[in-house]
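K.L.:
Letter by letter, the sequence shown follows residues 2 to 378 in our numbering. Glycine residues also receive a C-beta, built at the ideal position from the N, C-alpha and C atoms.
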Amino acid sequence: MFLLEKKLLFQYAPILALNPSEMSALEQLPEKDKDLILPIFPIKGWTTAKNLENSIGRIKKSIAEREFIADIDKDFLLLNKTYIATGKYPRHVHEQIHSLMDSNAGYKNWVGFIQETSNSIPILQLDDLAELDLQITNLASLNRGIVVRFKMKQSSAHLFNAVATSLLGKNIAQLLFIFDHEDVNRIDILEVDKHAKLIESIHRLFPLAAFSVSSASFPSSFAGSYRGEIPIYERLLFNGTFKSCVANILMLYSDRGGARAARLSGGGAIPPPRIDYALKNDWRFIRKEFEDYKNIEEGEKERLYQEAAIEMINSDYWIPDLKLWGVQMIEKTSEGDKFGITSPNRATAVRLNLHLYQQLHYNDVLEDLDTDEDWED
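1. Looking at the unbroken beta strand (DSSP E) that takes in S216, where does it start and where does it end?
2. In the DSSP assignment, the alpha helix (DSSP H) including I331 goes from what residue to what residue?
3. From D378 to Q175, what distance separates their C-alpha atoms?
4. Suppose the cutoff is 7 Å on Cβ atoms and the five residues either side in sequence are ignored; what does the same chain contact list for V247 look like?
5. Could you check if D34 is buried or exposed, using at least 16 other CB atoms within 10 Å of its CB as the buried criterion?
6. Which residue from L325, K339, R288, T83 puts its Cα closest to that of E28?
7. Which residue comes first and which comes last in the alpha helix (DSSP H) that contains L176?
8. Could you give the residue range of the beta strand (DSSP E) that holds S121?
9. Quick check on this structure: which residue in I98, N172, I57 has the alpha carbon closest to the alpha carbon of E66?
10. Count the other CB atoms within 10 Å of the CB of D128; is the residue buried (16 or more) or exposed (fewer)?
11. Could you tell me which residues DSSP puts in a beta bridge with E230?
12. Beta strand (DSSP E) containing R275: first to last residue?
13. Please return the same chain residues whose Cβ sits closer than 6 Å to the Cβ of L10, not counting the five positions on each side in sequence.
14. When the Cα atoms are used, what is the spatial distance from A270 to F291?
15. When you compare each of L39, P43, L19, L53 to E68 by their alpha carbons, which one comes out closest?
16. When you compare only the Cα positions, how much space is there between D194 and V149?
17. Rounded to the nearest angstrom, what separates W376 and A310 at their Cα positions?
18. Go ahead and label L236 buried or exposed: buried means 16 or more other beta carbons lie within 10 angstroms of its beta carbon, across all protein chains shown.
19. In this structure, what does DSSP give as the bridge partners for F69?
20. Taking the Cβ atom as the reference point for each residue, do L353 and S22 lie within a distance shorter than 8 Å?
21. Report buried or exposed for V164, applying the criterion of at least 16 other Cβ atoms within 10 angstroms of its Cβ.
22. Looking at G107: is its Cβ nearer than 8 Å to the Cβ of T138?
23. May I ask which residues mark the beginning and end of the beta strand (DSSP E) holding P43?
24. Among Y278, P273, N282, which one has its Cα closest to the Cα of N364?
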């Protein structure tokens with residue numbers, strides 16, 4: 002349940018990937034902050050695990066028995082090199098994902114998965130519109146609410162109309178529409194009026210529903226940059242759309258938690274050490290180059306992370322009283338602690354941890370908040 006008496010029960014709904022960096026970032030937030038977040042997980046296999054139960058187990062490890070929104074990460078199967086080349090499933094978990102994607106009988110397998118997965122709120126599957134009516138009826142019978150996620154780059158007026166027509170008359174009390182723009186840039190900010198008009202048109206049909214605008218804008222490359230600041234365009238897009246909408250629309254902020262929407266294919270080289278610091282409206286970063294990236298000396302990577310951390314702590318944007326896991330990890334790194342930031346994955350987890358907290362408390366004065374909570378490495 003995400004609505005109660007026309008009020009939102011949550012303040013933030015980030016779309017998070019089931020990978021170690023993003024799950025660690027969420028897990029290490031203070032418990033009282035997790036109560037205010039409704040995470041969205043596109044379900045896929047957890048690292049090298051063979052079964053989906055490991056994925057659900059990792060979600061529970063991060064948020065315990067709190068509610069979350071579940072979708073299907075179709076790219077986990079459809080972009081798998083083995084599946085593309087041979088049509089065979091590399092692991093049983095790929096077969097399980099394929100089963101969830103089966104649209105027969107109103108996405109019967111997906112409905113069954115949601116029913117068996119406690120605290121999960123379903124996202125409506127939109128690939129087979131012929132099964133839409135039955136899927137909505139079956140999901141509505143679970144009484145957990147329904148989330149509609151429109152991927153805007155793939156959506157059309159026909160899709161909007163088909164979904165609205167199927168939902169009308171179903172009397173679904175808990176309904177959330179997410180307009181997911183995926184990766185955006187500053188040009189997208191100029192179209193907030195158009196986005197607002199679409200939301201208002203659907204709001205007129207579903208006046209009790211909640212609405213969300215989600216996107217991502219973290220850069221894919223920092224080549225040639227030593228330090229700098231990057232605008233958080235997803236926040237600007239949401240704020241602009243929200244201000245352009247009529248006042249009585251319930252709006253819930255969403256983004257990718259400080260990550261990108263599109264997946265990046267990593268190269269074989271070790272990337273230059275970089276630490277990012279998330280603020281409310283921008284990211285700050287400090288990046289260090291290796292003396293010779295083809296011949297990295299032992300301990301050089303750790304030393305450069307330490308130098309970046311020291312420089313960051315001495316920057317004017319550093320908030321010394323913010324006792325978050327991400328902050329403490331940067332402090333550990335500045336001291337040369339081996340449990341600090343020593344890899345890009347850990348640096349990503351730190352950035353996301355800070356970003357999640359900043360966006361959750363976007364309208365708060367951070368210095369007035371209590372973040373002093375026990376945490377573990």
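P.N.:
Let me lay it out:
1. Looking up residue 216 in the sequence shown gives position 215. Per DSSP, S216 belongs to the beta strand (DSSP E) from 211–217.
2. For the purposes of this step, residue 331 is taken as the residue at position 330 of the sequence shown. That run of the alpha helix (DSSP H) goes 326–335.
3. Along the sequence shown, read from residue 1 onward, the residue named residue 378 stands at position 377. Along the sequence shown, read from residue 1 onward, the residue named residue 175 stands at position 174. With a pLDDT of 47 at D378, under the threshold of 50, the modelled position of that residue is not reliable, and the figure given next carries that caveat. Rounded to whole angstroms, D378 to Q175 spans 38 Å at the Cα level.
4. The residue you call residue 247 lines up with position 246 of the sequence shown. Annotation for V247: E201 place their beta carbon closer than 7 Å to its own, counting only its chain and skipping 5 residues before and after.
5. Residue 34 sits at position 33 when you count from the first residue of the sequence shown. Flag for D34 reads buried.
6. Numbered from 1 along the sequence shown, position 27 holds the residue referred to as residue 28. With distances taken between Cα atoms, E28 lies closest to L325.
7. Within the sequence shown, the letter at position 175 stands for residue 176. Counting along the chain, no alpha helix (DSSP H) covers L176; the unbroken beta strand (DSSP E) around it starts and ends at 176–184.
8. Within the sequence shown, residue 121 is the residue found at index 120, counting from 1. Annotation: the continuous beta strand (DSSP E) that includes S121 extends over 121–123.
9. By one-based count along the sequence shown, residue 66 stands at place 65. Relative to E66, the option among I98, N172, I57 whose CA is nearest is I57.
10. As a working mapping, residue 128 is identified with position 127 in the sequence shown. It is exposed - the Cβ of D128 has fewer than 16 other Cβ atoms within 10 Å.
11. Taking the sequence shown and counting its residues from 1, the one referred to as residue 230 is at position 229. Note: E230 sits in a beta bridge opposite R285.
12. One-based indexing of the sequence shown puts residue 275 at position 274. Start and end: 275–279.
13. Here residue 10 corresponds to residue number 9 of the sequence shown, with the count starting at 1. Result list for L10: F3, in chain order.
14. Counting from one through the sequence shown, the residue named residue 270 turns up at place 269. Counting from one through the sequence shown, the residue named residue 291 turns up at place 290. A direct Cα-to-Cα measurement between A270 and F291 gives close to 12 Å.
15. If you number the sequence shown from 1, residue 68 lands on position 67. Of the candidates L39, P43, L19, L53, the one whose C-alpha sits nearest the C-alpha of E68 is L39.
16. Residue 194 sits at position 193 when you count from the first residue of the sequence shown. Residue 149 sits at position 148 when you count from the first residue of the sequence shown. The C-alpha of V149 is placed about 21 Å away from the C-alpha of D194.
17. In the sequence shown, residue 376 corresponds to position 375, counting from 1. In the sequence shown, residue 310 corresponds to position 309, counting from 1. For W376, the predicted structure reports a pLDDT of 46, less than 50, and the residue's modelled location is therefore unreliable. A value from the coordinates is still provided. W376 and A310: Cα-Cα distance of roughly 20 Å.
18. The sequence position of residue 236 within the sequence shown is 235, counting from 1. Note that residue 236 corresponds to Arg in the displayed sequence, not to Leu. Here R236 is buried: its Cβ has 16 or more other Cβ atoms, across all protein chains shown, within 10 Å.
19. In the sequence shown, the residue the question calls residue 69 occupies position 68. S121.
20. Position 352 of the sequence shown, counted from the first residue, corresponds to residue 353. Position 21 of the sequence shown, counted from the first residue, corresponds to residue 22. Yes, the Cβ-Cβ distance between L353 and S22 is below 8 Å.
21. Numbered from 1 along the sequence shown, position 163 holds the residue referred to as residue 164. V164 comes out buried.
22. The residue given as residue 107 occupies position 106 in the sequence shown. The residue given as residue 138 occupies position 137 in the sequence shown. Cβ distance < 8 Å, so G107 and T138 count as in contact.
23. Translated into positions along the sequence shown, residue 43 becomes position 42. Boundaries of the beta strand (DSSP E) harbouring P43: 41–44, taken from the DSSP string.
24. Numbered from its first residue, the sequence shown carries residue 364 at position 363. The residue among Y278, P273, N282 with its C-alpha nearest the C-alpha of N364 is N282.
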